[in-house]
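Peer 1: Count along the sequence shown starting at 1, add 4, and that's the number in the working numbering. Glycine included, every Cβ here is placed at the ideal spot set by N, Cα and C.
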Amino acid sequence: MMGSDVPATRRAAISRQLRDEILAGELPPGAPIKDAELAERLGVSITPVREAVTELITEGLIETLPNKRRRVAVLNEVHAVQLLDVLGVVLVAVFERSAARLGQDDVETMAAAAERLEGALEARDMLAAHTTLLELIEIILDAADHDELRAVNEHVLARSLGRLFLYQREELYYIWTDGWKEAVALLRRQEPDTAVQRLRQVFWILTEELRTGDM
5 MMGSDVPATR RAAISRQLRD EILAGELPPG APIKDAELAE RLGVSITPVR EAVTELITEG
65 LIETLPNKRR RVAVLNEVHA VQLLDVLGVV LVAVFERSAA RLGQDDVETM AAAAERLEGA
125 LEARDMLAAH TTLLELIEII LDAADHDELR AVNEHVLARS LGRLFLYQRE ELYYIWTDGW
185 KEAVALLRRQ EPDTAVQRLR QVFWILTEEL RTGDM
(Lines of atoms letter the chains of each structure in order from A and count residues from 1; the text may use other names and numbers.)
(Lines give C-alpha, C1' and ligand atoms only; values in the text may rest on other atoms or scores of the structure.)
Protein backbone atom coordinates (compact mmCIF):
# COMPACT_ATOMS: atom_id res chain seq x y z
CA MET A 1 0.00 0.00 0.00
CA MET A 2 1.26 3.47 -0.82
CA GLY A 3 0.74 7.06 0.28
CA SER A 4 -2.59 7.79 1.89
CA ASP A 5 -3.49 4.08 1.63
CA VAL A 6 -1.08 3.27 4.46
CA PRO A 7 -3.18 2.51 7.54
CA ALA A 8 -3.06 5.50 9.86
CA THR A 9 -2.74 3.21 12.87
CA ARG A 10 0.42 1.58 11.48
CA ARG A 11 1.99 4.90 10.58
CA ALA A 12 1.01 6.32 13.96
CA ALA A 13 2.48 3.32 15.77
CA ILE A 14 5.79 3.66 13.95
CA SER A 15 5.83 7.43 14.52
CA ARG A 16 5.26 6.90 18.21
CA GLN A 17 7.97 4.27 18.50
CA LEU A 18 10.54 6.41 16.71
CA ARG A 19 9.49 9.49 18.69
CA ASP A 20 9.87 7.57 21.93
CA GLU A 21 13.29 6.26 20.88
CA ILE A 22 14.42 9.80 20.08
CA LEU A 23 13.14 11.25 23.35
CA ALA A 24 14.63 8.36 25.33
CA GLY A 25 18.01 8.92 23.69
CA GLU A 26 18.06 5.54 21.98
CA LEU A 27 18.26 7.52 18.75
CA PRO A 28 20.44 10.43 19.94
CA PRO A 29 20.84 13.82 18.24
CA GLY A 30 22.81 13.39 15.04
CA ALA A 31 21.92 9.71 14.60
CA PRO A 32 21.40 8.92 10.88
CA ILE A 33 17.87 8.03 9.85
CA LYS A 34 17.69 5.46 7.06
CA ASP A 35 14.27 4.23 6.04
CA ALA A 36 15.35 0.78 4.87
CA GLU A 37 17.30 0.05 8.03
CA LEU A 38 14.42 1.21 10.22
CA ALA A 39 11.94 -0.89 8.26
CA GLU A 40 14.11 -3.97 8.67
CA ARG A 41 14.60 -3.40 12.38
CA LEU A 42 10.92 -2.76 13.01
CA GLY A 43 9.80 -5.63 10.79
CA VAL A 44 7.54 -3.50 8.59
CA SER A 45 7.46 -2.35 4.99
CA ILE A 46 9.31 0.79 4.03
CA THR A 47 6.24 2.86 3.10
CA PRO A 48 4.83 3.44 6.61
CA VAL A 49 8.36 4.14 7.82
CA ARG A 50 8.70 6.87 5.22
CA GLU A 51 5.36 8.30 6.29
CA ALA A 52 6.40 8.22 9.95
CA VAL A 53 9.75 9.87 9.23
CA THR A 54 7.97 12.61 7.28
CA GLU A 55 5.74 13.22 10.30
CA LEU A 56 8.75 13.52 12.61
CA ILE A 57 10.40 15.91 10.17
CA THR A 58 7.29 18.08 10.47
CA GLU A 59 7.63 17.92 14.26
CA GLY A 60 11.27 18.93 13.99
CA LEU A 61 12.63 15.79 15.63
CA ILE A 62 14.30 14.71 12.39
CA GLU A 63 16.06 17.10 10.03
CA THR A 64 17.05 16.81 6.39
CA LEU A 65 20.61 17.29 5.17
CA PRO A 66 22.17 17.69 1.71
CA ASN A 67 22.09 14.67 -0.60
CA LYS A 68 18.76 13.54 0.89
CA ARG A 69 20.38 12.44 4.12
CA ARG A 70 18.40 12.70 7.34
CA ARG A 71 19.29 12.57 11.00
CA VAL A 72 17.86 13.13 14.44
CA ALA A 73 17.78 16.90 14.92
CA VAL A 74 20.78 18.61 16.52
CA LEU A 75 19.99 21.79 18.46
CA ASN A 76 22.20 24.60 19.70
CA GLU A 77 21.63 27.42 22.20
CA VAL A 78 19.96 29.67 19.62
CA HIS A 79 17.43 26.99 18.72
CA ALA A 80 16.72 26.28 22.39
CA VAL A 81 16.16 29.95 23.22
CA GLN A 82 13.79 30.39 20.29
CA LEU A 83 11.82 27.30 21.27
CA LEU A 84 11.57 28.49 24.88
CA ASP A 85 10.44 31.93 23.70
CA VAL A 86 7.56 30.46 21.72
CA LEU A 87 6.63 27.84 24.30
CA GLY A 88 6.66 30.43 27.07
CA VAL A 89 4.34 32.80 25.22
CA VAL A 90 1.65 30.24 24.49
CA LEU A 91 1.88 28.27 27.74
CA VAL A 92 1.80 31.33 29.99
CA ALA A 93 -1.14 32.68 27.99
CA VAL A 94 -3.20 29.58 28.64
CA PHE A 95 -2.09 29.46 32.29
CA GLU A 96 -3.27 33.06 32.73
CA ARG A 97 -6.74 31.94 31.71
CA SER A 98 -6.79 28.65 33.61
CA ALA A 99 -5.00 29.39 36.91
CA ALA A 100 -8.04 30.81 38.70
CA ARG A 101 -10.27 28.08 37.27
CA LEU A 102 -8.26 25.14 38.57
CA GLY A 103 -10.05 23.20 41.28
CA GLN A 104 -8.44 21.60 44.31
CA ASP A 105 -8.33 18.19 42.63
CA ASP A 106 -6.64 19.75 39.59
CA VAL A 107 -4.03 21.42 41.76
CA GLU A 108 -3.28 18.21 43.66
CA THR A 109 -2.97 16.31 40.39
CA MET A 110 -0.55 18.97 39.18
CA ALA A 111 1.42 18.68 42.42
CA ALA A 112 1.82 14.93 41.97
CA ALA A 113 2.82 15.41 38.33
CA ALA A 114 5.39 18.07 39.28
CA GLU A 115 6.97 15.62 41.73
CA ARG A 116 7.05 12.90 39.07
CA LEU A 117 8.60 15.34 36.62
CA GLU A 118 11.38 16.12 39.09
CA GLY A 119 11.98 12.43 39.72
CA ALA A 120 12.08 11.62 36.01
CA LEU A 121 14.59 14.38 35.29
CA GLU A 122 16.75 13.35 38.24
CA ALA A 123 16.73 9.80 36.86
CA ARG A 124 17.50 11.15 33.36
CA ASP A 125 14.35 9.40 32.11
CA MET A 126 13.56 11.91 29.40
CA LEU A 127 10.68 9.95 27.92
CA ALA A 128 8.92 9.83 31.30
CA ALA A 129 9.69 13.52 31.86
CA HIS A 130 8.19 14.43 28.48
CA THR A 131 5.05 12.38 29.16
CA THR A 132 4.62 13.89 32.63
CA LEU A 133 5.10 17.44 31.38
CA LEU A 134 2.40 16.86 28.78
CA GLU A 135 0.10 15.67 31.58
CA LEU A 136 0.73 18.89 33.49
CA ILE A 137 0.01 21.01 30.46
CA GLU A 138 -3.14 19.03 29.65
CA ILE A 139 -4.59 19.92 33.07
CA ILE A 140 -4.01 23.59 32.32
CA LEU A 141 -5.50 23.31 28.85
CA ASP A 142 -8.62 21.58 30.16
CA ALA A 143 -9.17 24.25 32.79
CA ALA A 144 -8.72 27.07 30.28
CA ASP A 145 -11.68 25.75 28.25
CA HIS A 146 -10.64 27.74 25.17
CA ASP A 147 -10.59 25.97 21.83
CA GLU A 148 -8.30 28.44 20.06
CA LEU A 149 -5.77 28.55 22.87
CA ARG A 150 -5.78 24.77 22.93
CA ALA A 151 -5.24 24.60 19.17
CA VAL A 152 -2.33 27.04 19.33
CA ASN A 153 -0.77 25.24 22.28
CA GLU A 154 -1.09 21.82 20.69
CA HIS A 155 0.52 23.11 17.50
CA VAL A 156 3.42 24.66 19.41
CA LEU A 157 3.81 21.66 21.70
CA ALA A 158 4.01 19.32 18.74
CA ARG A 159 6.82 21.40 17.28
CA SER A 160 8.65 22.80 20.30
CA LEU A 161 8.48 20.57 23.35
CA GLY A 162 9.98 17.43 21.86
CA ARG A 163 12.77 19.44 20.22
CA LEU A 164 13.65 21.05 23.55
CA PHE A 165 14.16 17.59 25.00
CA LEU A 166 16.89 17.06 22.41
CA TYR A 167 18.86 19.92 23.97
CA GLN A 168 19.61 18.56 27.41
CA ARG A 169 21.23 20.82 30.00
CA GLU A 170 21.12 18.89 33.24
CA GLU A 171 22.37 21.84 35.26
CA LEU A 172 19.20 23.77 34.36
CA TYR A 173 16.63 21.11 35.21
CA TYR A 174 16.14 22.45 38.73
CA ILE A 175 14.96 25.80 37.35
CA TRP A 176 12.21 24.01 35.47
CA THR A 177 11.14 21.66 38.27
CA ASP A 178 11.35 24.25 41.06
CA GLY A 179 9.27 26.62 38.97
CA TRP A 180 6.48 24.12 38.48
CA LYS A 181 6.47 23.07 42.13
CA GLU A 182 6.42 26.66 43.35
CA ALA A 183 3.65 27.59 40.90
CA VAL A 184 1.57 24.70 42.25
CA ALA A 185 2.29 25.79 45.84
CA LEU A 186 0.99 29.25 44.96
CA LEU A 187 -2.17 27.73 43.49
CA ARG A 188 -2.67 25.84 46.75
CA ARG A 189 -2.48 29.18 48.58
CA GLN A 190 -5.13 30.63 46.25
CA GLU A 191 -2.65 32.95 44.55
CA PRO A 192 -3.28 32.25 40.85
CA ASP A 193 -1.87 35.53 39.55
CA THR A 194 1.39 34.99 41.40
CA ALA A 195 1.51 31.42 40.12
CA VAL A 196 1.29 32.73 36.56
CA GLN A 197 4.09 35.19 37.28
CA ARG A 198 6.22 32.34 38.65
CA LEU A 199 5.77 30.27 35.50
CA ARG A 200 6.56 33.28 33.34
CA GLN A 201 9.70 33.79 35.41
CA VAL A 202 10.80 30.20 34.70
CA PHE A 203 10.92 30.85 30.97
CA TRP A 204 12.70 34.18 31.46
CA ILE A 205 15.38 32.62 33.69
CA LEU A 206 15.95 29.68 31.35
CA THR A 207 16.29 31.85 28.26
CA GLU A 208 18.62 34.28 30.05
CA GLU A 209 20.81 31.41 31.26
CA LEU A 210 21.07 30.11 27.72
CA ARG A 211 21.66 33.53 26.17
CA THR A 212 24.41 34.52 28.59
CA GLY A 213 25.95 31.07 28.88
CA ASP A 214 26.37 31.72 32.61
CA MET A 215 25.94 28.21 33.92
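Starting from V156, trace the alpha helix (DSSP H) in both directions and tell me its first and last residue.
Peer 2: 151-168
Peer 1: Could you check how far apart the C-beta atoms of A133 and L125 are, in whole angstroms? I think they sit under 8 Å.
Peer 2: 5 Å
Peer 1: Ends of the alpha helix (DSSP H) at E67?
Peer 2: No alpha helix (DSSP H) contains E67, which is instead part of the beta strand (DSSP E) from 66-68.
Peer 1: Out of curiosity, what's the CA-to-CA distance linking E186 and Q172?
Peer 2: E186 and Q172 have their C-alpha atoms some 22 Å from each other.
Peer 1: So within the region 84-158, which uninterrupted alpha helix (DSSP H) runs reach at least 4 residues, ignoring any that extend past its ends?
Peer 2: Taking only runs of at least 4 residues, the alpha helix (DSSP H) segments lying wholly in the region 84-158 are 108-126, 130-148.
Peer 1: Just to confirm, is the Cβ distance from G166 to L27 under 8 Å?
Peer 2: yes
Peer 1: Given a threshold of 16 other Cβ atoms within 10 Å of its Cβ, counted over all protein chains shown, does V188 qualify as buried or as exposed?
Peer 2: buried
Peer 1: Sort V85, Q194, V206, H150 by Cα distance to Y177 and report the nearest one.
Peer 2: V206
Peer 1: Between the alpha carbons of R15 and D197, how many angstroms are there, rounded?
Peer 2: Rounded to the nearest angstrom, the gap between the Cα atoms of R15 and D197 is 42 Å.
Peer 1: Near V94, which residues of its chain fall below 7 Å by C-beta distance, leaving aside the five closest residues on each side in sequence?
Peer 2: The residues are V156, N157, V160.
Peer 1: Per DSSP, which residues does V78 bridge with? Please list them.
Peer 2: DSSP lists no partner for V78.
Peer 1: Please report how far the alpha carbon of L87 lies from the alpha carbon of V48, in whole angstroms.
Peer 2: 34 Å
Peer 1: Pull up the CB-CB distance for V57 and I66, whole angstroms please, since I reckon it's below 8 Å.
Peer 2: 6 Å
Peer 1: Specify, as a first and last residue, the run of the alpha helix (DSSP H) that R73 falls within.
Peer 2: According to the DSSP assignment, R73 belongs to no alpha helix (DSSP H), since it is labelled neither H nor E.
Peer 1: Along the alpha helix (DSSP H) that carries A4, what are the first and last residues, could you check?
Peer 2: Absent from the structure is residue 4, since the part of the chain shown begins at 5 and ends at 219.
Peer 1: Do L210 and A103 count as a contact pair if the criterion is CB distance below 8 Å?
Peer 2: Going by C-beta atoms, A103 is not nearer than 8 Å to L210.
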